[in-house]
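The structure appears below as structure tokens.
In my numbering, the protein residues as written are 4 to 259.
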């Protein structure tokens with residue numbers, strides 16, 4: 004259910020879109036020593052917690068944090084450009100891995116790839132996500148149409164992928180778990196209550212479990228339930244964004 008690839012190309016993206024695989028992995032997308040060095044540079048100035056998941060750290064703002072609240076949506080768009088610039092500054096003198104992936108997606112997909120546009124404004128891309136030792140990233144799914152229910156643009160997606168570049172990893176744990184059985188958005192909302200996710204134990208054994216190494220890139224079907232196992236000793240840092248698929252003849256789009 005996972006495909007190891009040597010490069011990001013049209014074929015592997017189509018396999019994800021067709022649900023032939025749950026995830027694709029490009030090992031050593033960044034050399035491990037460089038990944039760790041970039042990760043340390045990103046973490047050095049500190050980070051905040053998610054608005055609706057305070058146990059998980061982040062640099063930048065994820066659109067789903069806005070939860071359809073106009074003031075938070077405005078804050079998201081106001082900070083989008085500066086947040087992209089901040090990631091580049093933290094990575095300097097090295098290039099931002101997210102910028103490299105944006106170019107790779109554009110080059111590998113026949114119709115190209117570009118920043119997602121929502122409500123007539125360009126979205127942010129390149130969230131830095133920090134999971135502290137001992138914290139379980141609860142099981143959840145990511146569906147753009149839930150985050151922007153009044154947007155045709157969000158509802159037009161045929162598939163949605165999560166993209167993660169792993170920079171720092173704990174000595175143990177920090178594995179990505181995925182389940183291939185469907186849970187409807189309404190059922191998930193009922194199960195999670197006021198939390199952002201649910202206890203992974205409620206879903207039974209995962210269909211797929213991957214423990215990334217620093218420098219790995221993983222792209223997976225974000226509409227499937229997924230979680231992260233607790234890590235030991237060190238934080239788990241990844242750079243993450245979503246990719247939207249609207250058919251083979253349409254450009255891919257990306258956002259965080």
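Where a beta carbon is used, it is the ideal one built from N, C-alpha and C, also for glycine.
Can you give the Cα-Cα distance for residue 117 and residue 84, rounded to whole angstroms?
Within the chain shown, numbered from 1, the residue matching residue 117 stands at position 114. Within the chain shown, numbered from 1, the residue matching residue 84 stands at position 81. Approximately 15 Å between the Cα atoms of the pair.
Go through the region 121 to 161 residue by residue and report every complete run of the beta strand (DSSP E) that reaches 3 residues or more, in order.
Whole beta strand (DSSP E) segments, 3+ residues: 130 to 134 and 140 to 143.
Tell me the residue span of the alpha helix (DSSP H) that contains residue 79.
As a first step, residue 79 is located in the chain shown; it is residue number 76 there, counting from the start. Taken as a continuous stretch (DSSP letters only), the alpha helix (DSSP H) holding residue 79 covers 73 to 94.
Pairing CB atoms from the region 234 to 248 with CB atoms from the region 131 to 147, are three or more of them under 8 Å?
Contact between the region 234 to 248 and the region 131 to 147 is present, because at least three Cβ pairs lie under 8 Å.
At which residue ranges does the region 34 to 66 contain complete beta strand (DSSP E) runs of 3 or more residues, listed in the order of the chain?
Segments of the beta strand (DSSP E) lying fully in the region 34 to 66: 59 to 62.
So, is residue 205 buried or exposed, given that buried needs 16 or more other C-beta atoms within 10 angstroms?
For the purposes of this step, residue 205 is taken as the residue at position 202 of the chain shown. Exposed, by the Cβ-count rule.
Under 8 Å by Cβ, that's how I've got residue 217 and residue 35 pegged, so tell me the actual separation to the nearest angstrom.
Here the question's residue 217 lines up with position 214 in the chain shown. Here the question's residue 35 lines up with position 32 in the chain shown. The Cβ separation is near 5 Å, so the contact holds.
Considering only the beta carbon of each residue, do residue 29 and residue 220 sit closer than 8 Å?
As a first step, residue 29 must be located in the chain shown, where it is residue number 26. As a first step, residue 220 must be located in the chain shown, where it is residue number 217. Yes, Cβ-Cβ distance for residue 29 and residue 220 is below 8 Å.
Taking residue 163 and residue 111 to be in contact with their CB atoms under 8 Å, please state how far apart those CB atoms are, rounded to whole angstroms.
Here residue 163 corresponds to residue number 160 of the chain shown, with the count starting at 1. Here residue 111 corresponds to residue number 108 of the chain shown, with the count starting at 1. About 18 Å separates the two Cβ atoms, so there is no contact after all.
Thinking C-alpha only, which one of 154, 144, 95 and 149 is nearest residue 123?
As a working mapping, residue 123 is identified with position 120 in the chain shown. Checking every option, the nearest Cα to that of residue 123 belongs to 154.
On the DSSP bridge list, what partners appear for residue 258?
Position 255 of the chain shown holds residue 258. DSSP lists 245 as partners of residue 258.
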